[in-house]
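Chains as they are written, first to last, in numbering that gives the first Met the number 0: chain G, 0 to 354; chain B, 0 to 266; chain A, 0 to 270. Note that CB positions come from ideal geometry on N, CA and C, so glycine has one too. Read the structure below first, then the notes.
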Amino acid sequence: MHIEVRNLNKSFGDFNAVQNVSFEIEKGHLIGLLGPSGGGKTSILRMLAGLETPTSGDILFHGKRVNDLPPQERGIGFVFQNYALFKHMTVFDNIAFGLKVKKQSKEQIRQRVTELVELTGLKGFEHRYVHQLSGGQRQRVAFARALAPEPQLLLLDEPFAAIDAKIRTELRTWLKEMIERVGITSIFVTHDQDEAIEVADEIMIIGKGKLEQKGTPWEIYKNPETPFVASFIGESTVVEDLSVLKGFESAAADHPGTKALIRPEYIEIGRPGEIKLASATLDANVKDVHFRGSEWLVELLVGNVKLITYRSLEKEVLRPGDFVNVLVHRAYLFNDNESWIAENSLKTDPMPVHI
Amino acid sequence: MTIRRTWIAAVYFIFTVLLIIPLIEIVRGSWADGWGGFTDALMRPQSLHALGMTGMIVIVVTLINTMFGVMLALYLVRAQWIGPRIKRLLNSLVDLPFAVSPIIGGLMIVLLLGPSTVIGAFFEDAGFKVVYALPGMILATLFVTFPIMVREVLPVLQEIGAQQEEAASTLGAYSWYTFWKVTWPSIRWGVIYGVVLTVARSLGEFGAVLVVSGNIMNKTQTATTLVYQDVENFNVVAANGVALVLAVFSVGLLLLMEWAKKRKEVH
Amino acid sequence: MNVMFRGKLWSFGFRSTVMLYFVILIVLPILGIYSQSLSLGWHPLWESISDPLAWKAVLLTVKLAVIATVINLVIGTLISWVLIRYRFPGRHLLNSLVDLPFALPTAVTGLMILLLLGPGSLVGGFAAKLGFEIVFHEPAIVIAMVFVTFPFVIRAVQPLLEELDKSEEEAAYTMGATRTRTFFSIIFPSMLPGILSGGMLAFSRGLAEFGAVVLVAGNIPGKTLIASVYIFGEIESNNPQGAAAVSVLLLTLSFLILWTVNLIQSRRPGQ
């Protein structure tokens, strides 16, 4: 289903939960709504479902305005955060609910439910009640139930929030595969960036009720359009005083008040002599090192400025107090008016790229 | 552990003196004149009529109170067309009858609908007696029992939340279907508990009914007002007979209450 | 579209009916009684209330309801503690019996007390020999009130005791607190909201009680005539304005109590 949202607003009293959100979604895409908790993601999802009425703005499915359609008539499937499974019904009856509402024949219902039970790997659990299922199984039931009436749009509200960290990764892959196999347009809400990056074809970043950026995970990571997106995606530290960073002095001079956001992967460190472009490096002390399973997390002090980066386990182990050279390859610069990514001017590219 | 023993003994003592001995006393009192005295007391025409009136009131009141109570609870928890502030106000108004003496409850109805009032006179002219007749007695009992059902169902509705209902709506079910298939199974035991409480309260209502009914023998007398009249007439054995019937019903209801409460906790 | 429109009409009808029922049954009568008490102006209202029989009745009711409430506070707290914390034979039976006063018609309660403590009974005769009278005197009224309001405190405290996290208590023990100390600084404070709101409810029910009291009180004006019986008498003697005046006094008191209970309950943490 092709979805279009125009200037969507939702306020609860004085609180503006959603402000002027507009976007379009192509048929068959899997979209992740990503943002911090309480940022309005769920409100957007619920308005798409018809569970919440927009204060203003239009929602169009296939080019037709659906604002006034109740949820029953929108042709959507909704997977709730806590699944909202019907407690007093078996797995079979839960999945069959939407079909019974449509007054399908017993035989049709049995067929469709069996098909979904097999698709979601719930075979053998049809006659269990919800409280006899594990978290992962419940999620599968919720998914099967939402899909049963063959909706054209699947909405999922924090689908993995209530699941153990261990099974979560497994379920993510499963869900992505499942949605691809069914080929249904889907939107899911999450506050977990790894989840969004791994599962979604496209991500929409929502912060404080506003749509900050929409794009593929790679685009968003590579070219964050706002400081909010830049700081929300990936790890980063913010450097208030740009002038300490070698290679970014011109930017500091041209744009007073500009701050830099630096990701661990923007930074290269080495013992004296290890880095070839010695003239572009800063002197730093290792403040602390932490073992992170597959690599070292290194905390650095450049003057008073703290930076973090990762270091391969293959390289020589650093210790707190060690003296190192630091090369900042690039930085995300921003001030009150604009933001852009700047490469280190002492490297090859002397010109910053304005976005 | 002697402290513990003392406490338990104290509790047993309180229960025995306050609850168990009085119950036994009623049974003993109604048998003071033997089986004959008991049946005579019950077989009096006014006893049969009074028990019939009580039965009628219990049935009508329970039906109406259950229906409106459940619906009002649904609206107070789920309705989006009532603002949160008005909801809070209505919510606190629900409890008012708990704070009103039944006598005052009855007085209110007499004041509003009595023969000397505008509305009362209007109904009277239309040949419909409200006060000193069954409709008034039902109204008085409805007033007294009003909060019971709402207070039983409302917390259950709050606890289960709206999500299952919302899920049903996204699956295409409209409100009526959703109510019976999704909401009702969750609130069922709360409602049943409320029904038992309503029956108990309407069975035992005395003050409000006494004021509204005028306590006319063979006409507007209920079982409880008959007990009162028998005592006033120093006919204690007869009073005991009717009281025993009421007490047996109450104990039966108490057992039902326990059963419903247990089921309510499971679901 | 037609179906939807019909659905809307239905739900509109339902809503209006339920709300109208609510207003007519509950709100209107209460407004009615306040307006009736003022129907002849402020002066007669004041006169009705300042009638010595009237205010004596109200004062007596408050006094006896306070005594009954205090008794209930003590035995109610004790019983809820024992029923929740101790395991002993008959616990479930006693727990079910707690609700008996709610299930029993109040007129039957009155009759029970009359039978048990009346002049012809064993206890009544014994007390009379000691020169101590129960029925048709204040003690009988207090007993009736205690019986009728018996479940309130217990049912308000029990859930709090059940919810009380055992680890809080254990934490106190690990920090070296004695049993008594733990009880008064950990357990009692968490029972307190229940004790207070249960006590308030018991008090307001005691103020309002009619059925159980009217049979045992003797209803001697100025001595054992309580407010609700006084109101009943005024109605019987065809003085609705006087009845309404005392009612308003009693109602206002009850509403204040109810409001306080709501306040206490909404202050409860975690709600």
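For V188(G) and L32(G), believed in contact at Cβ under 8 angstroms, the rounded distance = On the first sequence, residue 32(G) is found 33 positions in, with the first residue counted as 1. On the first sequence, residue 188(G) is found 189 positions in, with the first residue counted as 1. With a Cβ gap of about 5 angstroms, L32(G) and V188(G) count as contacting.
Taking all protein chains shown into account, decide if S115(B) is buried (16 or more other Cβ within 10 angstroms of its Cβ) or exposed.
-> Counted from its first residue, the second sequence places residue 115(B) at position 116. Exposed, by the Cβ-count rule.
List the residues of chain A that F205(B) touches, going by C-beta distances under 8 angstroms, in chain order.
-> For the purposes of this step, residue 205(B) is taken as residue 206 along the second sequence, with counting starting at 1. Those within 8 angstroms of F205(B) in chain A are P104, T105, A106, F209 and G210.
Verify the CB distance criterion: does G126(B) have a CB-CB separation below 7 angstroms to chain G?
-> The residue you call residue 126(B) lines up with position 127 of the second sequence. No - not a single Cβ of chain G is within 7 angstroms of the one on G126(B).
Three or more C-beta pairs closer than 8 angstroms, one from the segment 38-57 of chain A and one from the segment 235-244 of chain A: is that the case here?
-> Cβ pair count under 8 angstroms is three or more, so yes.
Range of the contiguous alpha helix (DSSP H) that encloses R77(B) | The residue given as residue 77(B) occupies position 78 in the second sequence. Unbroken alpha helix (DSSP H) run through R77(B): P44 to R77.
Cβ neighbours of P104(A) in the same chain (closer than 6 angstroms, five flanking residues each side left out) | In the third sequence, the residue the question calls residue 104(A) occupies position 105. If we look at P104(A) and ignore the five residues flanking it on each side, it has no Cβ neighbours.
Cβ-Cβ separation, M111(A) to P21(B) (assumed contact under 8 angstroms), whole Å = As a first step, residue 21(B) must be located in the second sequence, where it is residue number 22. As a first step, residue 111(A) must be located in the third sequence, where it is residue number 112. Contact holds; Cβ gap of about 4 angstroms.
Please name the residue, chosen from P134(B), V247(B), G240(B) and V226(B), that lies closest to G109(A) on a Cα-to-Cα basis.
-> As a first step, residue 109(A) must be located in the third sequence, where it is residue number 110. Residue V226(B) is the option with its Cα nearest to G109(A).
Give the residues from the segment 241-265 of chain A that approach chain B closer than 8 angstroms (Cβ to any Cβ), ordered along the chain.
-> A242, A243, S246, L249, L250, S253, F254, I256, L257, W258 and N261
Considering only residues of the segment 219-244 of chain B, which uninterrupted alpha helix (DSSP H) runs meet the minimum length of 4 residues and lie entirely inside it, listed in chain order?
-> 222-231
Output, in sequence order along the chain, the residues in the segment 0-25 of chain B whose CB is closer than 8 angstroms to any CB in chain A.
-> R3, W6, I7, A9, V10, Y11, I13, F14, L17, L18, I19, I20, P21, L22, E24 and I25
Residues near D229(B) by beta carbon distance below 6 angstroms, same chain, minus five either side = Here residue 229(B) is taken as the residue at index 230 of the second sequence, counted from 1. A distance below 6 angstroms between beta-carbons, with the five flanking residues on each side excluded, links D229(B) to the following residues of its chain, in chain order: A237 and A238.
Under 7 angstroms, do Y85(A) and I81(B) count as touching if we go by C-beta distance?
-> Here residue 85(A) is taken as the residue at index 86 of the third sequence, counted from 1. Here residue 81(B) is taken as the residue at index 82 of the second sequence, counted from 1. Not in contact: Y85(A) and I81(B) (Cβ atoms no closer than 7 angstroms).
Can you tell me whether R139(G) is buried or exposed, with buried defined as 16 or more other CB within 10 angstroms of its CB?
-> Counting from 1 along the first sequence, the entry for residue 139(G) is found at position 140. So R139(G) ends up on the buried side.
From V4(G), L98(G), H87(G) and I43(G), residue whose alpha carbon lies closest to that of R64(G) | Here residue 64(G) refers to the residue found at position 65 when the first sequence is read from its first residue. Ranking V4(G), L98(G), H87(G) and I43(G) by Cα distance to R64(G) puts V4(G) first.
Round the Cβ separation of T156(A) and T251(A) to the nearest angstrom and send it over; I've been treating them as touching at under 8 angstroms.
-> Counted from its first residue, the third sequence places residue 156(A) at position 157. Counted from its first residue, the third sequence places residue 251(A) at position 252. Reading off the sequence shown, one finds Val at residue 156(A), where the question assumed Thr. Not really, about 28 angstroms apart at Cβ, beyond 8 angstroms.
Can you tell me the Cβ-Cβ gap for V26(B) and I137(B), rounded? I've got them flagged as a contact below 8 angstroms.
-> Taking the second sequence and counting its residues from 1, one reaches residue 26(B) at position 27. Taking the second sequence and counting its residues from 1, one reaches residue 137(B) at position 138. Between I137(B) and V26(B) the Cβ distance is about 31 angstroms, and since that is not below 8 angstroms, they are no contact.
Kindly list, in the order they appear in chain G, the residues whose Cβ is closer than 7 angstroms to that of Q220(B).
-> Against the second sequence, residue 220(B) aligns to sequence position 221. Chain G residues near Q220(B): none, gap ~45 angstroms exceeds 7 angstroms.
Nearest neighbour of D32(B), chosen from N234(B), G160(B) and S249(B) [CA to CA] | In the second sequence, counting from the first residue as 1, residue 32(B) sits at position 33. D32(B) has its Cα closest to that of N234(B), out of N234(B), G160(B) and S249(B).
Is D156(G) helix, strand or coil when you go by DSSP?
-> Locating residue 156(G) in the first sequence gives position 157, counting from the first residue. Three-state result, D156(G): strand.
Under 7 angstroms between C-beta atoms of V90(G) and E114(G) | On the first sequence, position 91 is the one that residue 90(G) refers to. On the first sequence, position 115 is the one that residue 114(G) refers to. With a cutoff of 7 angstroms on beta-carbon distance, V90(G) and E114(G) are scored as not near each other.
Extent of the continuous alpha helix (DSSP H) to which F149(A) belongs = Along the third sequence, read from residue 1 onward, the residue named residue 149(A) stands at position 150. Where F149(A) is concerned, the enclosing alpha helix (DSSP H) stretches over E137 to E162.
Under a Cβ-count criterion, where at least 16 other Cβ atoms within 10 Å of its own Cβ denotes burial, should V57(A) be classed as buried or exposed?
-> Within the third sequence, residue 57(A) is the residue found at index 58, counting from 1. Its Cβ being crowded by 16 or more others within 10 Å, V57(A) is buried.
Roughly how many angstroms lie between the CA atoms of F121(B) and F127(B), to the nearest whole one?
-> Stepping through the second sequence from its first residue, residue 121(B) is reached at position 122. Stepping through the second sequence from its first residue, residue 127(B) is reached at position 128. So the two alpha carbons sit approximately 9 angstroms from each other.
Using a Cβ cut-off of 7 angstroms (strictly closer), state whether F135(A) contacts chain B.
-> Mapped onto the third sequence, residue 135(A) falls at position 136. F135(A) does not count as touching chain B.
State the beta-bridge partners of G269(G) as determined by DSSP.
-> In the first sequence, residue 269(G) corresponds to position 270, counting from 1. Answer is N324(G).
What is the rounded straight-line gap between the Cα of Q270(A) and the Cα of Q264(A)?
-> On the third sequence, position 271 is the one that residue 270(A) refers to. On the third sequence, position 265 is the one that residue 264(A) refers to. At Q270(A) the pLDDT is 39, less than 50, meaning the model places this residue with poor confidence; the figure from the coordinates comes in the next sentence. Cα atoms of Q270(A) and Q264(A): separation of roughly 8 angstroms, rounded to the nearest angstrom.
Round the Cβ separation of S249(B) and A102(A) to the nearest angstrom and send it over; I've been treating them as touching at under 8 angstroms.
-> Residue mapping note: residue 249(B) aligns to position 250 of the second sequence, counting from 1. Residue mapping note: residue 102(A) aligns to position 103 of the third sequence, counting from 1. That pair is a contact at about 4 angstroms.
Could you tell me which residues DSSP puts in a beta bridge with A31(G)?
-> Your numbering for residue 31(G) matches position 32 in the first sequence. In the sequence as displayed, the identity of residue 31(G) is Gly instead of Ala. Paired residue(s): F187(G) and I202(G).
Looking at chain A, which residues of the segment 230-250 of chain B have a Cβ within less than 8 angstroms of any of its Cβ atoms?
-> Under the 8 angstroms Cβ criterion, the segment 230-250 of chain B contributes V230, V235, A238, N239, A242, L245, A246, S249 and V250.
Report yes or no: do the segment 207-216 of chain A and the segment 176-196 of chain B share at least 3 C-beta pairs separated by less than 8 angstroms?
-> no
Pick out whichever of V149(B), P154(B), P146(B) and Y11(B) has its Cα sitting closest to the Cα of L92(A).
-> Locating residue 92(A) in the third sequence gives position 93, counting from the first residue. Comparing Cα positions, the closest option is Y11(B).
According to the neighbour-count rule (16 or more other Cβ atoms, all chains shown, within 10 Å of its Cβ), is K9(G) buried or exposed?
-> For the purposes of this step, residue 9(G) is taken as residue 10 along the first sequence, with counting starting at 1. By the 10 Å Cβ count, K9(G) comes out buried.
Nearest to K102(G) (by Cα), restricted to the options N222(G), E201(G) and P148(G) = Sequence index remark: in the first sequence, residue 102(G) carries index 103 (1-based). Among N222(G), E201(G) and P148(G), the Cα nearest to that of K102(G) belongs to P148(G).
Would you tell me roughly how many angstroms separate the C-alpha atoms of F77(G) and A145(G), rounded to the nearest one?
-> Taking the first sequence and counting its residues from 1, one reaches residue 77(G) at position 78. Taking the first sequence and counting its residues from 1, one reaches residue 145(G) at position 146. Each residue's Cα considered, the two are about 6 angstroms apart.
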